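Student: Per the UniProt record's numbering, residue 1 is the first one in the sequence shown, and the count goes up by one each step.
All residues carry an ideal CB built from backbone N, CA and C; glycine is no exception.
As the structure is a prediction and not an experimental result, all values here were calculated from the model.
Please find one structure pasted underneath; my questions will follow.
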Amino acid sequence: MSEKLAEPALDQLFRTARTYNAFLPKEVTDEQLHALYELAKFGPTSANCSPMRLVFVKSAEAKEKLKPFLSDGNRAKTMVAPVTAIVASDYAFYENLPKLFPHADARSWFAGNQPLIDTTAFRNATLQGAYVIMAARALGLDCGPMSGFDNAGVDQAFFAGTTVKSNFLINIGYGDSSRDLFPRSPRLTFDEVGRIA
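Listed below in structure tokens is the structure:
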């Protein structure tokens with residue numbers, strides 16, 4: 001049986017974690033990005049379908065490729081973030097199910113059923129994107145997840161000729177709390193969102 005995480009860990013993952021708009025000029029290494037994925041990949045998805053695909057935009061060349069597709073409000077902060085993860089969904093994810101879910105013919109559940117493919121890919125890749133955020137925080141990195149970009153443009157620039165489509169972006173690095181960090185917004189209470197039936 002697992003034990004409850006210590007309070008500082010809960011703070012780092014949830015209570016004091018913030019959405020950062022500015023980052024310190026400190027490198028995020030390729031090794032850190034590999035370690036991040038090695039944690040995030042273990043989060044559950046339906047039938048272990050794992051439809052998320054990632055592009056870690058890190059080089060100056062890749063940043064310039066992304067730049068024209070960013071909204072005005074997201075451009076400057078993304079250009080200076082050490083890494084920007086493009087979280088995307090592979091709509092042919094089911095082709096990997098013989099490997100990922102070998103104890104049933106799960107591929108046949110999806111092949112030819114586009115509405116189910118679309119719903120499953122989007123839902124589970126979004127869920128996996130949240131795991132990326134939590135894995136980054138667990139490794140001492142900060143995140144700035146965002147929409148506010150031209151999905152079609154990003155898809156053409158980074159995923160042309162594939163079955164992969166962008167979902168959202170995450171700036172990743174070491175957050176600079178002295179700049180552009182908004183006060184924490186309110187959250188809904190348990191009673192406002194939930195009930196025990």
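1) Tell me the rounded alpha-carbon separation between Met-79 and Lys-67.
2) Quick check on Ile-196: does DSSP put it in helix, strand or coil?
3) May I ask which residues mark the beginning and end of the alpha helix (DSSP H) holding Arg-53?
4) At which residue ranges does the segment 72 to 155 contain complete alpha helix (DSSP H) runs of 4 or more residues, listed in the order of the chain?
5) What residues in its chain sit with their C-beta under 7 angstroms from that of Leu-13, if we drop five residues either side in the sequence?
6) Based on Cα-Cα distance, which residue from Leu-188, Asp-90 and Ser-185 lies nearest to Ala-160?
7) Using C-beta distances below 7 angstroms, list every residue in its chain close to Ile-117, excluding the 5 sequence neighbours before and after it, in chain order.
8) For Lys-4, report the span of its alpha helix (DSSP H) as first-last.
9) To which residues of the same chain is Lys-63 closer than 8 angstroms at the C-beta, ignoring the five residues directly before and after it?
10) Taking its Cβ as the centre, do 16 or more other Cβ atoms sit within 10 Å of Asn-113, making it buried, or is it exposed?
11) Identify the residues that DSSP records as bridge partners of Asn-48: which are they?
12) Measuring straight from C-alpha to C-alpha, what distance separates Cys-143 and Asn-21?
13) Where does Leu-33 land, buried or exposed, given buried means 16+ other C-beta within 10 angstroms?
14) On the three-pair Cβ rule with 8 angstroms, is the segment 35 to 51 touching the segment 123 to 130?
15) For the beta strand (DSSP E) that Lys-67 lies in, which residues bound it at each end?
16) Closest by CA to Ser-147, which one among Val-55, Val-87 and Thr-29?
17) For a quick check, are the C-beta atoms of Pro-145 and Thr-19 less than 8 angstroms apart?
18) Please state whether the Cβ-Cβ distance between Val-132 and Phe-69 is less than 8 angstroms.
19) Classify Phe-182 as helix, strand or coil using the three-state DSSP reduction.
20) Quick one: what does DSSP say Phe-23 is sitting in, helix, strand or coil?
Tutor: The relevant details are as follows:
1) 7 angstroms
2) coil
3) Per DSSP, Arg-53 belongs to no alpha helix (DSSP H); it is in the beta strand (DSSP E), 52 to 57.
4) 72 to 80, 97 to 100, 107 to 110 and 114 to 138
5) Met-134, Arg-137 and Ala-138
6) Asp-90
7) Tyr-91, Tyr-94 and Phe-110
8) Where Lys-4 is concerned, there is no enclosing alpha helix (DSSP H), given that its DSSP letter is neither H nor E.
9) Val-57, Thr-78, Met-79 and Thr-84
10) exposed
11) Asn-48 pairs with nothing; no bridge assigned.
12) 8 angstroms
13) buried
14) yes
15) Here Lys-67 belongs to no beta strand (DSSP E), and DSSP marks it neither H nor E.
16) Val-87
17) yes
18) no
19) coil
20) strand
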